[in-house]
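K.L.:
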Amino acid sequence: MADAQAEMFKYFEPTVQWNNLQLSNIHTLASWGIGTAAGVLGLTGWNGFIFFLLNWVFLSTLVFFVKCQGKPAVFFKSSAMDIAVTPIMNTMLSYVLVWTLMHALVYIYD
Amino acid sequence: MFLDPAIRDWVLFPITIIMVLVGVFRHQLTILMTGDPPKPELKDIRQGKALIRGQLLAQNNAYLPTSAFIERKKYLCQAFEDGVYLKNKVSKDDGGLVNPMADPKNMEVMMDGMKKQMMGIVPQTLIMGWIQFFFSGFILIKLPFPLGLRFKQMLQSGIMTPNMDVKWVSSLSWYFLNLFGLRGVFSLILGGENAADGTRDMTAMSTMGAMGQQPGQPQDFNKQFLGMKDTLSIIYHEWDLDNIEQRVLVKYGKQTRVFKSARK
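If you read the protein sequences in the order shown, they are chains A and B. Position 76 of the first sequence, counting from 1, maps to 76 under UniProt numbering, and the rest follow consecutively. Position 216 of the second sequence, counting from 1, maps to 216 under UniProt numbering, and the rest follow consecutively.
Written out as structure tokens, the structure is:
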């Protein structure tokens, strides 16, 4: 009983939201950068998605070690899952948009 | 195959820019339209807090000495049974739920919700219609990734060539790409809580149908009070600090064991 209450009060809600916002910004900017790279490089099909996943793993590792200093539970409610797994869909959609745009700009238009 | 750069200048960029601007516009408009949240009434708050007080007493009864607990329990149980904290005293006799439609405060909340929904649906529909009207009948862009053949009909809506690769798509698919992909951009520009997200309105629409007519269940506080009274009356109370002086002595070895106090 005391544990459940302690769980409820362990996290100060506004800072948790702020952390999530910062993480989301990191992901958005990174997806724009990686999308541009993929488009300019001319990656198509599965290569594009593999490129995204590789960079995603790299980015998550960076966030884990540099930003969270190896202890994501301090910053986020559901620790490692929150950093790497939950935002992946959203970021992927953004990435696909930028990838399509850049690819078209470089290769499809005269 | 190459496309005319004029398409890029006059279709690709304008669609994206328009969608971003409409999103920002919608966000600002939503902020203007939603007034201040309705001020909660004193009796409403008192009702809720009385229930919470009962819950707290039930949860933390171990921290109180027995006499204190019994006093609080007696007072609260009596108050719950008499309906001292109820908002509408008559509802105790009626035994029925207050009609949610008649409650004026609820009306405002529902109107606000509906207004927000309109703000979401209308611009989306408008932009889709605008794109269909102006930008149909030609290929806009090539997707770098392949899709199944089922999508061909949706994404190449205006073009009558059966053999063209699904990768070449019309402007409507660019609209969809933008719809999903610009969420990140909006959260960058507008901060976390922004009203410019089109897909959130789509999911809200689909859940509204499933939820039914009463989004905010009016709780029958009388029943909850009576339930809380029952909970309180069956608690077996044990004070954590009972015999604490003997326990300390035993811990530091000054006394061999805890003697049961006569008080209990």
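Built from N, CA and C at the ideal position, the CB exists for glycine as well. Nothing here was measured: the structure is a model prediction, and the numbers come from that model.
Quick check on Lys-92 of chain B: does DSSP put it in helix, strand or coil?
P.N.:
Because the pLDDT of Lys-92 of chain B is 48, which lies under 50, any placement of that residue in the model is unreliable, and the number read from its coordinates should be weighed accordingly. Correct three-state label for Lys-92 of chain B: helix.
K.L.:
Assess contact between the region 30-45 of chain B and the region 65-81 of chain B, defined as three or more Cβ pairs (one per stretch) separated by less than 8 Å. Is contact present?
P.N.:
Judged by Cβ distances under 8 Å, the region 30-45 of chain B makes no contact with the region 65-81 of chain B, as fewer than three pairs qualify.
K.L.:
Quick one: complete beta strand (DSSP E) runs, 3+ long, within the region 13-47 of chain A?
P.N.:
Listed in chain order, nothing qualifies, since the region 13-47 of chain A has no complete beta strand (DSSP E) run of 3 or more residues.
K.L.:
Among B:Arg-8, B:Leu-190 and B:Leu-32, which one has its Cα closest to the Cα of Val-20 of chain B?
P.N.:
Here the closest residue by C-alpha is B:Leu-190.
K.L.:
For the candidate residues A:Lys-77, A:Leu-62 and A:Val-57, whose alpha-carbon lies nearest to that of Ile-88 of chain A?
P.N.:
When each option's Cα is compared against that of Ile-88 of chain A, the closest is A:Val-57.
K.L.:
As a quick exercise: from B:Val-250, B:Gly-48, B:Met-33 and B:Ile-31, pick the residue whose alpha carbon is nearest that of Met-228 of chain B.
P.N.:
Here the closest residue by C-alpha is B:Gly-48.
K.L.:
Apply the 10 Å Cβ neighbour rule to Arg-257 of chain B and answer buried if 16 or more other Cβ atoms are within range, or exposed otherwise.
P.N.:
So Arg-257 of chain B ends up on the exposed side.
K.L.:
Who are the near neighbours of Thr-16 of chain B in its chain, counting only those whose CB is closer than 7 Å to its CB and skipping five residues on each side?
P.N.:
Asn-178, listed in sequence order.
K.L.:
Spatial neighbours of Glu-238 of chain B within its chain, please: CB distance less than 7 Å, with the 5 preceding and 5 following residues excluded, ordered by chain position.
P.N.:
Contacts found: Ala-62.
K.L.:
Look at the Cβ atom of Phe-180 of chain B, then the Cβ atom of Leu-93 of chain A, and state whether they are nearer than 7 Å.
P.N.:
Contact flag set, yes.
K.L.:
Excluding the 5 residues flanking Gly-70 of chain A on each side, which residues of the same chain have their C-beta closer than 8 Å to its C-beta?
P.N.:
So the list reads Phe-64, once near-sequence residues are dropped.
K.L.:
Should Thr-100 of chain A be labelled buried (16 or more other beta-carbon atoms within 10 Å of its own) or exposed?
P.N.:
Counting Cβ neighbours within 10 Å, Thr-100 of chain A comes out buried, since at least 16 surround it.
K.L.:
Please name the residue or residues paired with Ile-139 of chain B in a DSSP beta bridge.
P.N.:
Paired residues: B:Ser-170.
K.L.:
With distances taken Cα to Cα, identify the nearest neighbour of Leu-29 of chain A among A:Tyr-107, A:Gly-45 and A:Leu-59.
P.N.:
For Leu-29 of chain A, the nearest C-alpha among the options comes from A:Leu-59.
K.L.:
Of all the residues that make up the region 6-32 of chain A, which are near chain B by a beta-carbon distance shorter than 9 Å?
P.N.:
Listed by position, the residues of the region 6-32 of chain A near chain B (Cβ gap below 9 Å) are Gln-17, Trp-18, Asn-20, Leu-21, Ser-24, Asn-25, His-27, Thr-28, Leu-29, Ser-31 and Trp-32.
K.L.:
How many angstroms separate the CA atom of Ile-244 of chain B from the CA atom of Ile-70 of chain B?
P.N.:
If I take the Cα positions, the gap works out to 20 Å.
K.L.:
DSSP state of Leu-3 of chain B, grouped into three classes?
P.N.:
Strand, per DSSP.
K.L.:
Which partner residues of Tyr-109 of chain A appear in the DSSP bridge assignment?
P.N.:
Answer by DSSP bridge pairing, in chain order: B:Leu-3.
K.L.:
Going by alpha carbons, who is nearest to Leu-23 of chain A out of A:Phe-51, A:Thr-91, A:Gly-33 and A:Leu-43?
P.N.:
Comparing Cα positions, the closest option is A:Thr-91.
K.L.:
Measure from the alpha carbon of Met-154 of chain B to the alpha carbon of each residue in B:Leu-126, B:Glu-81 and B:Phe-176, then state which is nearest.
P.N.:
Among B:Leu-126, B:Glu-81 and B:Phe-176, the Cα nearest to that of Met-154 of chain B is on B:Phe-176.
K.L.:
In angstroms with no decimal places, state the Cα-to-Cα distance between Thr-15 of chain A and Thr-44 of chain A.
P.N.:
Approximately 40 Å between the Cα atoms of the pair.
K.L.:
I'd like the ranges of any alpha helix (DSSP H) spanning at least 4 consecutive residues and lying wholly in the region 19-96 of chain B.
P.N.:
The qualifying runs are 42-59, 66-82 and 91-94.
K.L.:
Under 7 Å, Cβ to Cβ, is there at least one residue of chain B near Thr-44 of chain A?
P.N.:
So yes, Thr-44 of chain A belongs to the interface.
K.L.:
Pull out every residue of the region 82-96 of chain A whose Cβ sits closer than 9 Å to any Cβ of chain B, in chain order.
P.N.:
Residues Asn-90, Thr-91, Leu-93, Ser-94, Tyr-95 and Val-96.
K.L.:
Going by beta carbon distance, what residues of the same chain come within less than 7 Å of Phe-259 of chain B, once the five residues before and after it are set aside?
P.N.:
For Phe-259 of chain B, where only same-chain residues beyond five positions count, the Cβ hits under 7 Å are Gln-246.
K.L.:
By the 9 Å beta-carbon criterion, what residues does the region 130-142 of chain B contribute toward chain D?
P.N.:
Checking the listed chains, one finds no chain D in this structure; the protein chains it contains are A and B.
K.L.:
Roughly how many angstroms lie between the CA atoms of Arg-150 of chain B and Leu-143 of chain B, to the nearest whole one?
P.N.:
If I take the Cα positions, the gap works out to 15 Å.
K.L.:
Can you find a C-beta in chain A that's less than 7 Å from the C-beta of Ser-170 of chain B?
P.N.:
No, Ser-170 of chain B lies away from the interface with chain A (no Cβ there is under 7 Å from its Cβ).
K.L.:
Quick check: Ser-170 of chain B and Gln-156 of chain B, are their CB atoms within less than 7 Å of each other?
P.N.:
Going by C-beta atoms, Ser-170 of chain B is nearer than 7 Å to Gln-156 of chain B.
K.L.:
Could you check whether Phe-52 of chain A and Tyr-109 of chain A sit closer than 7 Å to each other, using their CB atoms as the reference points?
P.N.:
No, the pair does not count as a contact, with Cβ atoms beyond the cut-off.
K.L.:
So the alpha helix (DSSP H) Ser-233 of chain B belongs to, where does it begin and stop?
P.N.:
Per DSSP, Ser-233 of chain B belongs to the alpha helix (DSSP H) from 221-233.
K.L.:
Quick check: Val-106 of chain A and Gly-35 of chain A, are their CB atoms within less than 7 Å of each other?
P.N.:
No, these two residues do not count as a Cβ contact at 7 Å.
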